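Numbering (our numbering), first residue to last: 90 to 728.
Note that the Cβ used here is the ideal one computed from N, Cα and C, for glycine as well.
Predicted, not measured: the structure shown is a model, and the values here were computed from it.
In what follows, a structure is listed as structure tokens, so that the remarks can point back to it.
Shown next, in the form of structure tokens:
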């Protein structure tokens with residue numbers, strides 16, 4: 090090869106941002122740039138259509154190196170990243186069956202397993218003692234496999250049971266590997282109270298962490314989780330702020346037990362939800378490492394202790410029970426984002442998790458999503474794939490700044506515990522949940538297979554929860570320190586309630602609720618709004634009938650009578666409505682339509698059209714669950 094670079098021909102001149110903006114403004118023809126092309130997230134972060142180097146904030150630490158504080162670019166700093174821990178959760182109530190599933194997960198690609206424990210067997214494995222836990226972990230090499238125990242408020246009992254299993258198996262304290270996931274605040278907000286109260290639970294958590302630090306160096310005792318807040322509707326800023334404020338409360342509790350900041354930070358396992366907003370999820374993970382590093386540094390932790398061990402779990406609230414196979418796309422996108430964002434542990438929920446207990450097939454697909462991403466897409470071999478992306482660097486910095494600001498506000502009000510006790514933080518999350526619910530209801534935030542492109546005649550996945558073993562525990566201990574509960578709410582629930590009502594009606598009467606599409610004019614004139622109406626009605630479980638267009642009100646009325654429908658939806662253009670809608674509505678009413686709906690906005694014709702018999706309107710931006718529920722009520726469908 091030549092020692093000299095060949096001559097490079099002159100490149101095309103680079104246009105300036107101002108030149109680009111001039112062309113864009115010309116194409117917008119006077120429409121506001123910010124309104125048309127700038128997206129605003131629920132967190133208040135503006136997403137412009139184009140990023141440049143100038144968008145990188147001066148204060149952003151993202152120019153650092155992977156594996157070094159503030160760890161924005163990831164925990165790993167070696168040339169060959171080892172990938173991540175594929176961790177799958179097992180929830181079957183029977184310990185023996187759960188044990189079979191645990192072995193299956195580990196034999197077929199999982200690196201670690203997480204057992205959801207529930208003595209009642211209603212929402213997890215019915216572990217009522219060390220014997221049950223031994224069954225669930227039968228055949229597992231506990232000196233080589235990390236086991237996570239999600240036990241809610243019962244983390245002390247769970248840790249004791251696991252210690253007994255270690256003793257029985259002869260696992261030395263130095264070889265034992267586990268994440269005990271003690272998370273008092275998470276259990277508190279999910280249940281709305283705690284046996285013994287929050288102060289006692291924090292003390293128990295800290296004592297457990299101190300014991301693990303002394304005796305079992307490969308065991309982490311504490312989990313700081315944003316998932317309970319995310320599942321209840323929190324946005325990314327609120328979720329990260331809850332992690333920071335809850336984490337600070339945990340670090341203080343461990344400090345009271347004599348743990349140095351670095352030792353305390355090493356006991357923490359940070360869990361965060363990823364919900365398939367690809368770039369948002371990546372930015373959230375990078376921002377979380379940034380602000381966590383800053384928190385531990387502020388507490389006096391050494392640089393090597395400042396990196397969060399980050400566990401990303403695919404979001405529960407994004408899962409749907411209807412058309413659940415679409416969940417495969419949601420969880421794959423979320424897992425991809427988790428890998429790009431540098432999560433060290435990833436858990437993918439099975440696609441049928443919202444239906445009930447997952448089966449072997451759905452668990453295999455959930456596991457294989459990660460295996461494909463790690464071993465075929467080779468994501469585990471790339472350090473910080475997002476590094477240098479102007480959009481992601483800017484979004485990471487904006488998210489970190491807002492999360493730190495809300496964290497400071499929480500601390501100014503006494504910390505997360507105080508803000509949960511007086512209900513202030515729950516109110517903030519409720520407001521965010523309602524704003525997102527409005528977006529779902531108006532289909533500004535579409536749910537494929539549910540609010541958009543629903544498969545009306547799908548056969549629902551029916552999978553009853555297996556019965557728990559007999560001999561459940563006695564009545565649970567009373568809960569103290571009652572607070573406003575943060576229940577997990579899935580986005581699809583308002584639509585799924587309507588679909589369930591439609592299915593019951595079909596089972597009871599032999600027919601679905603039906604609507605007649607009263608199409609006016611030619612196919613070109615009515616097809617767009619007819620397709621819109623058909624799709625919207627199906628989202629509520631209402632079958633739309635009628636493909637023809639009508640010029641004559643009498644023919645339209647005759648078609649309605651033949652259909653036997655009591656609900657009619659008029660579909661056409663605004664121009665046709667202006668000419669023919671009053672006559673069409675009157676003819677439909679006379680033919681027996683109990684309810685008449687217009688596909689489109691009523692506008693300044695509302696009074697005249699209502700006088701002609703129009704009852705409702707459906708259009709872009711309408712509250713779909715509300716109007717669909719009203720239509721089902723009019724059809725006497727029991728909800």
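Any chain C beta carbon closer than 9 Å to residue i
{"i": "residue 126", "result": "Checking the listed chains, one finds no chain C in this structure; it contains a single protein chain."}
heavy atom of the ligand NAP below 8 Å from residue i C-beta
{"i": "residue 248", "result": "The ligand NAP is not part of the structure shown, which contains no ligands of any sort."}
Counterpart residues of residue i in DSSP-defined beta bridges
{"i": "residue 178", "result": "203"}
{"i": "residue 660", "result": "608"}
{"i": "residue 638", "result": "608"}
{"i": "residue 360", "result": "314 and 400"}
{"i": "residue 239", "result": "205"}
{"i": "residue 129", "result": "135"}
{"i": "residue 632", "result": "603"}
{"i": "residue 80", "result": "With the chain represented from 90 up to 728, any question about residue 80 goes unanswered, as that position is not in the structure."}
{"i": "residue 707", "result": "688"}
{"i": "residue 214", "result": "206"}
{"i": "residue 309", "result": "268"}
{"i": "residue 569", "result": "283"}
Environment of residue i [buried if 16+ CB atoms lie within 10 Å]
{"i": "residue 714", "result": "buried"}
{"i": "residue 124", "result": "exposed"}
{"i": "residue 496", "result": "buried"}
{"i": "residue 645", "result": "buried"}
{"i": "residue 588", "result": "buried"}
{"i": "residue 523", "result": "exposed"}
{"i": "residue 441", "result": "buried"}
{"i": "residue 512", "result": "exposed"}
{"i": "residue 167", "result": "exposed"}
{"i": "residue 122", "result": "exposed"}
{"i": "residue 613", "result": "exposed"}
{"i": "residue 420", "result": "buried"}
{"i": "residue 450", "result": "exposed"}
{"i": "residue 622", "result": "buried"}
{"i": "residue 274", "result": "buried"}
{"i": "residue 540", "result": "buried"}
{"i": "residue 443", "result": "buried"}
{"i": "residue 704", "result": "buried"}
Start and end residues, beta strand (DSSP E) containing residue i
{"i": "residue 113", "result": "First-last for residue 113: 106-117, but that is the alpha helix (DSSP H), not the beta strand (DSSP E)."}
{"i": "residue 608", "result": "603-609"}
{"i": "residue 517", "result": "It is not in any beta strand (DSSP E) - residue 517 instead sits in the alpha helix (DSSP H) that spans 513-530."}
{"i": "residue 268", "result": "267-271"}
{"i": "residue 436", "result": "434-436"}
{"i": "residue 685", "result": "684-688"}
{"i": "residue 455", "result": "Per DSSP, residue 455 belongs to no beta strand (DSSP E); it is in the alpha helix (DSSP H), 449-460."}
DSSP state of residue i mapped onto helix, strand, coil
{"i": "residue 508", "result": "helix"}
{"i": "residue 150", "result": "Reliability fails at residue 150, whose pLDDT of 49 lies under 50, so the model's placement of it is uncertain and the value that follows must be treated cautiously. Correct three-state label for residue 150: helix."}
{"i": "residue 623", "result": "helix"}
{"i": "residue 103", "result": "coil"}
{"i": "residue 279", "result": "helix"}
{"i": "residue 337", "result": "helix"}
{"i": "residue 91", "result": "Its pLDDT being 48, under 50, residue 91 is placed unreliably by the model, and the measurement read from it follows with that caveat. Three-state result, residue 91: coil."}
{"i": "residue 173", "result": "coil"}
{"i": "residue 649", "result": "helix"}
{"i": "residue 469", "result": "helix"}
{"i": "residue 674", "result": "helix"}
{"i": "residue 666", "result": "helix"}
{"i": "residue 160", "result": "coil"}
{"i": "residue 301", "result": "helix"}
{"i": "residue 440", "result": "coil"}
{"i": "residue 715", "result": "helix"}
{"i": "residue 328", "result": "helix"}
{"i": "residue 551", "result": "coil"}
Residue i: first and last residue of the uninterrupted alpha helix (DSSP H) it sits in
{"i": "residue 226", "result": "Element bounds for residue 226: n/a, residue is neither H nor E."}
{"i": "residue 696", "result": "695-701"}
{"i": "residue 187", "result": "184-196"}
{"i": "residue 482", "result": "479-501"}
{"i": "residue 589", "result": "582-598"}
{"i": "residue 726", "result": "Element bounds for residue 726: n/a, residue is neither H nor E."}
{"i": "residue 353", "result": "350-355"}
{"i": "residue 247", "result": "244-258"}
### Query
Which runs of the beta strand (DSSP E), 3 residues or longer, sit entirely within the region 370-428?
Runs of the beta strand (DSSP E) inside the region 370-428: 398-403.
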